[in-house]
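Asker: So the protein lines, in turn, are chains A and B.
If you count by full-length UniProt numbering, then the first sequence holds residues 1 to 253, one letter each, in order.
If you count by full-length UniProt numbering, then the second sequence holds residues 1 to 311, one letter each, in order.
We put the CB at the ideal spot given by N, CA and C, even for glycine.
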Amino acid sequence: MNFYGVKAIYNFEMSRMRRTLMQSVLSPVISTCLYFVVFGSAIGSRMGDIDNIAYGAYIIPGLVMLSLLMQSISNASFGIYMPKFSGTIYEVLSAPVSYVEVVLGYVGAAATKSVILGLIILATARLFVDYSILHPFWMLSFLILTAVTFSLFGFIIGIWADGFEKLQIVPMMIVTPLTFLGGTFYSIDMLPEIWQTISLFNPVVYLISGFRWAFYGVSDVHIGISVGMTLLFLFACMAGIWWIFRTGYRLRT
Amino acid sequence: MQPDISVKNLNKIYEGGFQALKNINLEINRGEIFALLGPNGAGKTTMISIICGIANMTSGEVRAGGYDIIRDYRKARSTIGLVPQELNTDSFETVWNAVSFSRGLFGKAPKPAHIEKVLRDLSLWDKRNNRIMTLSGGMKRRLMIAKALSHEPRILFLDEPTAGVDVELRRDMWEMVRKLREDGVTIILTTHYIEEAEEMADRIGVIRQGEIILVEEKSQLMSKLGKKELRLQLQNKLDEVPSELLTEPVELSEDGYELIYTFDSQQEQAGVARLLRTLGDIGVDYRDLRTRESSLEDIFVGLVHEQATKG
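(1) G311 of chain B by DSSP, collapsed to three states: which one?
(2) State buried or exposed for S67 of chain A, treating a residue as buried only when at least 16 other CB atoms are found within 10 Å of its CB.
(3) Can we say the region 155-170 of chain A touches the region 75-82 of chain A, given the rule of at least three CB pairs closer than 8 Å?
(4) Excluding the 5 residues preceding and the 5 following Q196 of chain A in the sequence, name in chain order all residues of the same chain whose CB lies nearer than 6 Å to its CB.
(5) Only counting the same chain, and skipping five residues up and downstream in sequence, which positions put a Cβ closer than 7 Å to that of I80 of chain B?
(6) Quick check: the Cα distance between G311 of chain B and E91 of chain A, rounded to an integer number of angstroms?
(7) Expressed to the nearest angstrom, what Euclidean distance is found between the alpha-carbon atoms of P84 of chain B and L145 of chain A?
(8) In the DSSP output, which residue or residues are listed as bridge partners for Y216 of chain A?
(9) Is it buried or exposed for D239 of chain B, if we count other Cβ within 10 angstroms and need 16 for buried?
(10) Where does Y286 of chain B sit, in a helix, a strand or coil, going by DSSP?
(11) Going along chain A in order, which residues have a C-beta closer than 8 Å to the C-beta of residue 348 of chain B?
(12) Please confirm whether S294 of chain B has its beta-carbon closer than 8 Å to some beta-carbon of chain A.
(13) Please list, in chain order, the chain B residues whose beta carbon lies closer than 9 Å to that of I9 of chain A.
(14) Please name the residue, chosen from B:V99, B:D90, B:I70, B:L124, that lies closest to D172 of chain B on a Cα-to-Cα basis.
(15) Determine the chain A residues that contact L122 of chain B at a beta-carbon separation under 8 Å, and present them in chain order.
(16) For F185 of chain A, does the three-state DSSP call read helix, strand or coil?
(17) Measure from the alpha carbon of P112 of chain B to the alpha carbon of each residue in B:N97, B:D126, B:L122, then state which is nearest.
(18) At least one CB of chain B closer than 8 Å to the CB of E91 of chain A: is that the case?
(19) Could you check which residue in A:F153, A:G118, A:I89, A:I9 has the C-alpha nearest to that of F211 of chain A?
(20) What whole-angstrom Cβ distance do S114 of chain A and S141 of chain A have, given they're in contact under 8 Å?
(21) List the whole-angstrom C-beta distance separating F36 of chain A from F185 of chain A, where the pair is believed to meet the contact cut-off of C-beta under 8 Å.
(22) Below 7 Å between beta carbons is the criterion; list the residues of the region 57-86 of chain A that meet it against any residue of chain B, in chain order.
(23) Cβ of T112 of chain A less than 8 Å from any chain B Cβ?
(24) State yes or no: is the C-beta of residue 339 of chain B within less than 8 Å of the C-beta of A146 of chain B?
(25) Using CA atoms only, rank isn't needed, just tell me which of B:I24, B:N23, B:K12, B:I282 is closest to I54 of chain B.
(26) Does the distance from the C-beta atom of V272 of chain B to that of L259 of chain B stay below 8 Å?
(27) Among residues of its own chain, excluding the 5 on either side of G38 of chain B, which ones have a beta-carbon nearer than 7 Å to its beta-carbon?
(28) Quick one: which chain B residues come within Cβ less than 7 Å of R19 of chain A?
(29) Would you call the CB atoms of L234 of chain B and Y261 of chain B closer than 8 Å?
(30) Look at the Cβ atom of V205 of chain A, then the Cβ atom of G228 of chain A, and state whether they are nearer than 8 Å.
(31) DSSP three-state call for K111 of chain B: helix, strand or coil?
(32) Would you mind stating whether V99 of chain B and S136 of chain B have Cβ atoms separated by less than 8 Å?
(33) At 9 Å on the CB atoms, spell out the chain A contacts of L82 of chain B, in chain order.
(34) Count the other CB atoms, across all protein chains shown, that sit within 10 Å of the CB of I132 of chain B; report buried if there are 16 or more and exposed otherwise.
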């Protein structure tokens, strides 16, 4: 195991985050706070409770999840795309590091940033909305599991992308709609039956439902299914990365 | 002694079907400076990329430092430092961080004293806290070398190290390469500046259209293929080469004021005396003469040209 190699990549990525603090931390925190202000404090007070939870508190897990997914993907995809773009990837490819170590470094750093961000958002939310966390251990586990899974997903996107546009397409065009329609702002029980069934094909439903359960003990689907689906996606991403490094897809000619 | 780099039957065919390397066989000895010459697109960079792990080979076997580059990739890669042709750097990092990063990536524990030595040797010490984007092109080139040397490799690849570098810096770089060789580092360099190979290399390989067409000690190559040229400046203009000289390798310059006699430097030198005697006999006067030995560049151009016409 090339421990120093993993550490070098990890530290490099973390120092990139420190350099871009405004973009990688402040900007998602501010935009999420706007949701808290508008939907939580302003409109939320006129909305009815869902599952006996005040609306402002109800949307917190979904909104944290939204930022977590977006940031995990963009951190990890930028992390690996930039060296490809600038050409500095040659050094990683020629170094005595295995692909597991490369992934540990890049994905580990991306997931770390997302978890830190998620916690900052949670802390900030407290300023606007009153909420409680019923299962703190599970909340943290879900946070980390999701951050790791979607950082892996982002890593795949970063390798697949051959232009800046493609980097943005997946988070903006796929992940955002899936999150909004995945029960961030409502319980899927509130939907007509046909849309409830369709929603079950949206993987984000399971993430948000599980995360919300960790907060309030209520969920749209059983917590076991949520964890199972998240792990399934995690393994799918791992398989994808294994294939990428095996074939050298878009990395080695 | 086993070679530091050993390439056997190496082939590289790109996806589109283009064969960049054709059955390359090459051995590079411990501690030598090996220059790989070849025109653009000949396959120099492709070969280096495969040895260093950046590109996949189609078939063949490559060892670096005695280790198979695929089965034992960790050990093989640890022995190699690579300075690529392009100036690819992380603009926002500082010089010190970038070089330390490279050392870590290659699995070595931090050793600030070594990084300091490398930076001092490359005159980058004063710039250690500067961001890379503030460096000049020449400094960036030296930074690339510093990164490659950060993990104390025993084999160093320099892909066009002095492209776009001014004369003074080029001299410094040659000096540095010689010093590294004295420390026992094996150096493989590709270059367009044949002067560079002539100045530094122990052995020279020529690659053309994916094939190694020649590998030779530099001195032997020079004497074997080197030509000498004798130019005689004539008193009076000639319209054609005198008939007495038609059996000799003599040409007349376009303006008719110069006779050019080409001979192999290894051949016995009697030819020159014979030529001068004949000129005296037939009454051709000359006011000056000079000889010139062909440079590696002439040899190289000759070789590549010869092969091209054959092919």
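Answerer: Looking at the atomic coordinates:
(1) On the second sequence, position 311 is the one that residue 311 of chain B refers to. Low local confidence applies: a pLDDT of 48 at G311 of chain B is under 50, so the model's placement there is unreliable, with the coordinate-based value given in what follows. Residue state, collapsed to three classes: coil.
(2) Looking up residue 67 of chain A in the first sequence gives position 67. By the neighbour-count criterion, in which a residue is buried when 16 or more other Cβ atoms sit within 10 angstroms of its Cβ, S67 of chain A is buried.
(3) Under the three-pair Cβ rule at 8 Å, the region 155-170 of chain A counts as touching the region 75-82 of chain A.
(4) The residue given as residue 196 of chain A occupies position 196 in the first sequence. Taken in chain order, the residues that qualify are I188.
(5) For the purposes of this step, residue 80 of chain B is taken as residue 80 along the second sequence, with counting starting at 1. Contacts found: C52, A64, P153, I155, F157.
(6) The count along the second sequence starts at 1 and reaches residue 311 of chain B at position 311. The count along the first sequence starts at 1 and reaches residue 91 of chain A at position 91. Note that G311 of chain B scores a pLDDT of 48, beneath 50, so its modelled location is shaky and nothing firm can be said.
(7) Counting from one through the second sequence, the residue named residue 84 of chain B turns up at place 84. Counting from one through the first sequence, the residue named residue 145 of chain A turns up at place 145. Rounded to whole angstroms, P84 of chain B to L145 of chain A spans 39 Å at the Cα level.
(8) Position 216 of the first sequence, counted from the first residue, corresponds to residue 216 of chain A. Looking at the DSSP assignment, Y216 of chain A forms no beta bridge with any residue, so it has no partner.
(9) Along the second sequence, read from residue 1 onward, the residue named residue 239 of chain B stands at position 239. By the neighbour-count rule (16 or more Cβ atoms within 10 Å), D239 of chain B is not buried but exposed.
(10) Looking up residue 286 of chain B in the second sequence gives position 286. In the structure shown, Y286 of chain B falls within a strand segment according to DSSP collapsed to helix, strand and coil.
(11) This structure cannot speak to residue 348 of chain B, because chain B is shown only from 1 to 311.
(12) For the purposes of this step, residue 294 of chain B is taken as the residue at position 294 of the second sequence. Under the Cβ distance rule, S294 of chain B does not count among the residues neighbouring chain A, no pair being separated by less than 8 Å.
(13) Here the question's residue 9 of chain A lines up with position 9 in the first sequence. Against chain B, a Cβ distance below 9 Å from I9 of chain A picks out F101, G104, L105.
(14) One-based indexing of the second sequence puts residue 172 of chain B at position 172. For the set B:V99, B:D90, B:I70, B:L124, the Cα lying nearest the Cα of D172 of chain B is the one of B:L124.
(15) Here residue 122 of chain B corresponds to residue number 122 of the second sequence, with the count starting at 1. Neighbours of L122 of chain B across chain A, judged by C-beta separation under 8 Å, do not exist; the nearest C-beta is about 17 Å away.
(16) For the purposes of this step, residue 185 of chain A is taken as residue 185 along the first sequence, with counting starting at 1. Residue state, collapsed to three classes: coil.
(17) Here the question's residue 112 of chain B lines up with position 112 in the second sequence. Nearest C-alpha to P112 of chain B: B:N97.
(18) Within the first sequence, residue 91 of chain A is the residue found at index 91, counting from 1. Taking 8 Å as the CB threshold, E91 of chain A lines the interface with chain B.
(19) Taking the first sequence and counting its residues from 1, one reaches residue 211 of chain A at position 211. For F211 of chain A, the closest of A:F153, A:G118, A:I89, A:I9 by C-alpha to C-alpha distance is A:G118.
(20) Residue 114 of chain A sits at position 114 when you count from the first residue of the first sequence. Residue 141 of chain A sits at position 141 when you count from the first residue of the first sequence. With a beta-carbon spacing of about 14 Å, S114 of chain A and S141 of chain A fall beyond the 8 Å limit used to define contacts.
(21) Here residue 36 of chain A is taken as the residue at index 36 of the first sequence, counted from 1. Here residue 185 of chain A is taken as the residue at index 185 of the first sequence, counted from 1. Taking a contact as a CB-CB distance under 8 Å, the pair F36 of chain A and F185 of chain A does not count as one, their CB atoms being some 12 Å apart.
(22) Within the region 57-86 of chain A, the residues whose Cβ lies closer than 7 Å to any Cβ of chain B are, in chain order, S86.
(23) For this step, residue 112 of chain A is matched to residue 112 along the first sequence. False, the Cβ-Cβ gap to chain B never drops below 8 Å.
(24) The requested residue 339 of chain B does not occur in the structure, where chain B is confined to residues 1 to 311.
(25) The sequence position of residue 54 of chain B within the second sequence is 54, counting from 1. I54 of chain B has its Cα closest to that of B:K12, out of B:I24, B:N23, B:K12, B:I282.
(26) To locate residue 272 of chain B, count along the second sequence from 1; it is residue 272. To locate residue 259 of chain B, count along the second sequence from 1; it is residue 259. V272 of chain B places its beta carbon 8 Å or farther from that of L259 of chain B.
(27) For the purposes of this step, residue 38 of chain B is taken as the residue at position 38 of the second sequence. Excluding residues within five positions, the ones whose Cβ falls inside 7 Å are K44, V206, I207, R208.
(28) Taking the first residue of the first sequence as position 1, residue 19 of chain A is located at position 19. Going along chain B in sequence order, the residues near R19 of chain A (Cβ under 7 Å) are F92.
(29) Taking the second sequence and counting its residues from 1, the one referred to as residue 234 of chain B is at position 234. Taking the second sequence and counting its residues from 1, the one referred to as residue 261 of chain B is at position 261. For L234 of chain B and Y261 of chain B, no; Cβs fall outside 8 Å.
(30) Indexing the first sequence from 1 puts residue 205 of chain A at position 205. Indexing the first sequence from 1 puts residue 228 of chain A at position 228. Not in contact: V205 of chain A and G228 of chain A (Cβ atoms no closer than 8 Å).
(31) Position 111 of the second sequence holds residue 111 of chain B. Per DSSP, reduced to three states, the secondary structure at K111 of chain B is coil, with no helix or strand assignment.
(32) As a working note, residue 99 of chain B is residue 99 in the second sequence. As a working note, residue 136 of chain B is residue 136 in the second sequence. The answer is no: Cβ separation not under 8 Å.
(33) Residue 82 of chain B sits at position 82 when you count from the first residue of the second sequence. Near L82 of chain B (Cβ distances below 9 Å), the residues of chain A are Y90, E91, S94.
(34) The residue given as residue 132 of chain B occupies position 132 in the second sequence. Classification of I132 of chain B: buried, given that the 10 Å Cβ count is 16 or more.
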